[in-house]
Each structure stands twice: as structure tokens, then as C-alpha cells.
Amino acid sequence: MSDYSFNKSKRLLTANDYNRVFKGTEAKASHRHLLLLARINNRSNHRLGLVIAKKNVRLAVQRNRVKRISREFFRTLGQSEVNLDVVLLSRRGLGELDSTQLSSILRQQWQKLVSSAFKSQTMATQDI
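Residue numbers (numbering that gives the first Met the number 0): 0 to 127.
The structure is reproduced here in C-alpha cells:
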């Protein structure tokens, strides 16, 4: 049975964790309402960090809903070819999306991100 919890091992916890992703981005997926940055990790699972700025999503209710839906989407992901440290950055208008729209956008951008990271990883292994 799969572990669908969202414990500390599946989160980016420290500023150092976030900085590694920001400075060493290996894959990106961009949308009008959000940006996903990723770096390949050597762990057995993906890790998620959220940056939902008050400037972009004004109401706390909306920020909390975006975070809850994002964590839920991430929590239910299966394994992929590569394990990633991912940072989700909000852009203006993200809070106005309804739950199904947000889930759909996350699914599309996740697929782009994983394929981009996989290409990045295969290119890096070919260079060696």
C-alpha cells in the first residue's frame, strides 16, 4: 500500500532547501497563474515547497485554499522517473481560480515539469 501522507520528508523545510532549488533549477513549468521550479534530488520521493505571496493572492482564505489544493495534488502523486525538489510560486490571479481549474493546471504543469526534468537528467548522464 502506498504512503499518501504529507509528512516532513515530503516538504522543503529550510531556507537552504529553497535556495538549492532557486539557484540550481533544472526544470521549469510556467503558466499564467503559477511557476513551478524543480531540481532533481537523490531522495526516494518528491519534496514540495510553496511560495504563495500575499501580493499575488490577497485574501488569506484564498492563499490557504491554494496551499491546501497544491499539497493534496502533490500528496496523491505517484512515483515518476525522477524525484524532484519542487517550488510552486504564485502569480497574480491564482486565488481566483476554482478548485477544479487549479487541479487541472497543476496536473498539466506537473507533466511538463517531469518531462523537462527527465530530459535534463538524460542529457546530464550523456555528458558524463
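Note that CB positions come from ideal geometry on N, CA and C, so glycine has one too.
Remember, predicted model here, so these are calculated numbers, not experimental data.
Item to check | Length of the line joining the Cα atoms of Leu12 and Gly48 | outcome: 8 Å
Item to check | Cβ contact (3+ pairs, closer than 8 Å) linking the segment 34–44 and the segment 81–99 | outcome: yes
Item to check | Given Ser4 as reference, the closest of Ser98, Gly23, Leu76 and Thr99 once Cα atoms are compared | outcome: Leu76
Checklist entry - Leu96 to Asn15, Cα distance in whole Å? => result 31 Å
Next on the checklist: Suppose the cutoff is 7 Å on Cβ atoms and the five residues either side in sequence are ignored; what does the same chain contact list for Ala26 look like?
Outcome noted: Ala37, Leu112, Ser115, Ala116 and Ser119
Next on the checklist: If you reduce the DSSP assignment to three classes, tell me which class Gly94 lands in.
Outcome noted: helix
Item to check | According to DSSP, residues forming a beta bridge with Gly77 | outcome: BP columns for Gly77 are empty, so no partner.
Checklist entry - Using the C-alpha atoms, what's the distance from Arg57 back to Gly94? => result 8 Å
Item to check | Best match in Ala59, Leu33, Phe21 and Asn55 for proximity to Ser102 [C-alpha to C-alpha] | outcome: Leu33
Checklist entry - Sorted by chain position, which residues of the same chain lie with C-beta nearer than 8 Å to Arg31's C-beta, five sequence neighbours on each side aside? => result Arg90 and Gly92
Checklist entry - With 16 other CB atoms within 10 Å as the buried threshold, where does Val60 fall? => result exposed
Next on the checklist: Assuming the contact rule is C-beta atoms closer than 8 Å, Ser8 and Asn44 should be a hit. Round their C-beta distance to whole Å, please.
Outcome noted: 7 Å
Checklist entry - Does the separation of the CB atoms of Gln108 and Ser29 fall below 9 Å? => result yes
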